[in-house]
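With this note's numbering applied, the sequence shown covers 548 to 829. No residue lacks a Cβ here, since even glycine has one placed at the ideal position from N, Cα and C. Just so we're clear, the structure is a prediction, and the values are computed from it rather than from any experiment.
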Amino acid sequence: MATDTKIDPKLRAAVGTHDVNPDTKIPDVAPIARGGRRRSAAEESRTIVANATHGTLGSLSDDGTPWASLVTYGVMDDGSPVFCLSTLAEHARNLEKNRQASLMVADPFHKGEVLAGGRVTLAGNVKRSDEHPDESSARAAHLEAVPSAAMYADFNDFSFWILEVDRVRWVGGYGRMDSATDEDYRNAEPDPVQPPVPDTNAHLNAEHHDALLLMAQAFIDLPEITEASCERADRYGLDLQLVTPEGDKAGRVSFTDRIDTPGGLRAATVDLARRARQKLGA
């Protein structure tokens, strides 16, 4: 039987080599922006983990049954998540017996279709903070991210746990995914411009659509681009959704330099628009 699923045009997913019924109605493929420097899988993962404070903790029960639990966490400087867990919780008892664990975190800034958003899974082994060489930093990291934990952190049944990451898998939405090594994850930096991005995208699309169009026409090698909107922004550049006579396309425009401060996004986009006007003689 044919399947006709109604999907927002922006979420038209790449089908690739998926095994589907020949009669299935498949949405058009949504192009992924190519070109220009972008965040690595390690940077994407660190950015998601740094900006969220809760996720799904995976542990193993005595009989090997996978157990998923909603938990809060903080993050140490190397990207290690820190949990504050009570022995009243099954997941804490699981970790006492089997130190293997995973944490799945979803992009806290994503709105809309859940599977179109970014998420990351970190896997490894946990240690109680008293087994870790920097116990005080682990405690501080959790309490900074979850201030309410100060009310119960010193109860006898609670303790801090650190996930020492050795596997990283990032998914950035439809058709965007990659793995990162534990070393690359530890050494990567969270993107400092990520928190303001949703507001920046809305502002660019509402107030500066003419500048976005100039950027696209100047720096993206596609003919007859008639409209452009900003879909994503990061410290390296902008992902643009484009309208052309051949249909919707996607492209990327890069900033001159990497942004290293939270407030640097505005100046970088202004410079990008200036360079576009200069190139086009507009």
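For H756, same chain residues with a beta-carbon under 6 Å away, outside a window of 5 residues either side, do not exist. With contact defined as three or more Cβ pairs closer than 8 Å, the segment 584-601 and the segment 811-824 are not in contact.
Collapsing the DSSP output to three states places T816 in a helix.
Following the DSSP letters along the chain, one finds N748 in no beta strand (DSSP E) but inside the alpha helix (DSSP H) bounded by residues 744-754. In this structure, the straight-line span from the alpha carbon of F702 to that of Q647 is close to 25 Å.
Inter-segment contact for the segment 611-627 and the segment 708-721 is present: three or more beta-carbon pairs are separated by less than 8 Å. Leaving aside the five residues that flank S706 on each side, the residues in its chain whose CB is nearer than 6 Å to its CB run, in chain order, R675.
Secondary-structure assignment with DSSP links H601 through a beta bridge to T619. For S627, no alpha helix (DSSP H) encloses it, and the DSSP letter there is neither H nor E. DSSP places G671 in the strand class (E or B) of the three-state scheme. For Q764, the secondary structure class from DSSP, reduced to helix, strand or coil, is helix. Apart from sequence neighbours up to five positions away, the residues of its chain that approach D654 with a beta-carbon distance below 7 Å are I595, G664, G665, R666, ordered along the chain. In this structure, DSSP gives L827 a helical state, which the three-state scheme calls helix. Inter-residue distance for K796 and T747 is about 21 Å (C-alpha atoms, whole angstroms).
Taking every protein chain shown into account, the CB of S683 has fewer than 16 other CB atoms within 10 angstroms, so this residue is exposed.
When the five nearest sequence neighbours on each side are left out, the beta carbons in the same chain lying within less than 8 Å of the beta carbon of E691 are those of G621, in order along the chain. Taking C-beta atoms as the reference points, A820 and F766 fail to come closer than 8 Å. Taking all protein chains in view, the Cβ of A697 is surrounded by fewer than 16 other Cβ atoms within 10 Å, so the residue is classified as exposed. The alpha-carbon of L759 is positioned some 35 Å away from that of G602. Residue state for G720 is assigned as strand, using DSSP reduced to three classes.
Put simply, of A735, P792, M651 the residue whose alpha carbon is nearest the alpha carbon of A588 is A735.
Under the criterion of beta carbons closer than 8 Å, E778 and T791 do not qualify as touching, at roughly 15 Å. Non-local beta-carbon contacts of D781 in its own chain, meaning distances under 6 Å to residues more than five positions away in sequence, involve R586, D738 in chain order.
Cα atoms of L827 and E774: separation of roughly 16 Å, rounded to the nearest angstrom.
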